[in-house]
Amino acid sequence: GNPPPPPPYFHRNCMSEFMGLIDGSYDAKKGGKGGFEPGGASLHGVGTPHGPDVASFEAATKADTTVAVKFDGGMAFMFETSAILRLTHHATNPTSGCQPDREYAECWDGLPRLFSRALAESKNT
Numbered sequence: 383g384n385p386p387p388p389p390p391y392f393h394r395n396c397m398s399e400f401m402g403l404i405d406g407s408y409d410a411k412k413g414g415k416g417g418f419e420p421g422g423a424s425l426h427g428v429g430t431p432h433g434p435d436v437a438s439f440e441a442a443t444k445a446d447t448t449v450a451v452k453f454d455g456g457m458a459f460m461f462e463t464s465a466i467l468r469l470t471h472h473a474t475n476p477t478s479g480c481q482p483d484r485e486y487a488e489c490w491d492g493l494p495r496l497f498s499r500a501l502a503e504s505k506n507t
């Protein structure tokens with residue numbers, strides 16, 4: 383068996399990402415604050431930082447990567463494009479039935495700062 387893939391790392395893109403969950407759960411964003419529920423979607427514009435939530439990050443860093451894992455818990459999709467995407471009026475209008483998640487960024491509250499500029503620079507010399 384193959385070791386489980388890690389969740390996507392925290393990153394920024396030079397493109398827009400539109401992602402949604404059709405069914406089940408998404409391994410890098412659990413339900414709840416900033417998480418995905420079936421039928422939900424997210425749009426990360428060019429240069430917008432994003433990545434796994436704290437719970438997903440912690441679980442992935444503690445996981446035994448020598449044990450094969452079969453993911454069968456959901457179906458998600460992602461579109462990436464160099465075009466600048468934006469939400470429609472319908473998507474941001476509270477009377478449309480859409481529910482923008484105003485607390486989305488809170489899913490990263492408590493994410494540890496593990497980047498060390500000094501360490502990165504020492505590896506590049």
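Once you know that position 25 of the sequence shown is 407 in the numbering used here, the rest is easy, because the numbers rise by one and skip nothing.
We put the beta carbon where it would ideally sit given N, CA and C, even for glycine.
Relative to the C-alpha of H472, which residue among P420, P434 and C480 is closest? As a first step, residue 472 is located in the sequence shown; it is residue number 90 there, counting from the start. Of the candidates P420, P434 and C480, the one whose C-alpha sits nearest the C-alpha of H472 is C480.
Three-state secondary structure assigned by DSSP to A465: As a working note, residue 465 is residue 83 in the sequence shown. Residue state, collapsed to three classes: coil.
According to DSSP, simplified to helix, strand and coil, what is K452? Your numbering for residue 452 matches position 70 in the sequence shown. K452 falls in the coil class under three-state DSSP.
Look at A423 and G402 and say whether their C-beta atoms are less than 8 Å apart. Locating residue 423 in the sequence shown gives position 41, counting from the first residue. Locating residue 402 in the sequence shown gives position 20, counting from the first residue. Yes, the Cβ-Cβ distance between A423 and G402 is below 8 Å.
Exposed or buried, what is H393 when buried is set at 16 or more other beta-carbons lying within 10 Å of its beta-carbon? Taking the first residue of the sequence shown as 1, we reach residue 393 at position 11. Exposed, because fewer than 16 other Cβ atoms sit within 10 Å of the Cβ of H393.
Name the one or two DSSP bridge partners that M401 has. What you label residue 401 is simply residue 19 of the sequence shown in a count that begins at 1. S424 and M460, per the DSSP bridge assignment.
Where do the ends of the alpha helix (DSSP H) carrying K505 lie? For the purposes of this step, residue 505 is identified with residue 123 of the sequence shown, where counting begins at 1. K505 -> alpha helix (DSSP H) spans R499 to K505.
How is Y408 classed by DSSP in three states: helix, strand or coil? Position 26 of the sequence shown, counted from the start, is the residue given in the question as residue 408. Strand.
So who's on the other strand from T393, going by DSSP bridges? By one-based count along the sequence shown, residue 393 stands at place 11. Strictly speaking, residue 393 in this sequence is His, with Thr absent from that position. Paired residue(s): H432.
Whole-angstrom Cβ separation of V428 and I404, contact assumed at under 8 Å? For the purposes of this step, residue 428 is taken as residue 46 along the sequence shown, with counting starting at 1. For the purposes of this step, residue 404 is taken as residue 22 along the sequence shown, with counting starting at 1. Not confirmed; about 25 Å, so no contact.
For A410, count neighbouring C-beta atoms within 10 Å of its own C-beta (all shown protein chains included) and say buried if the count is 16 or more, exposed if not. By 1-based counting over the sequence shown, the position of residue 410 is 28. It counts as buried.
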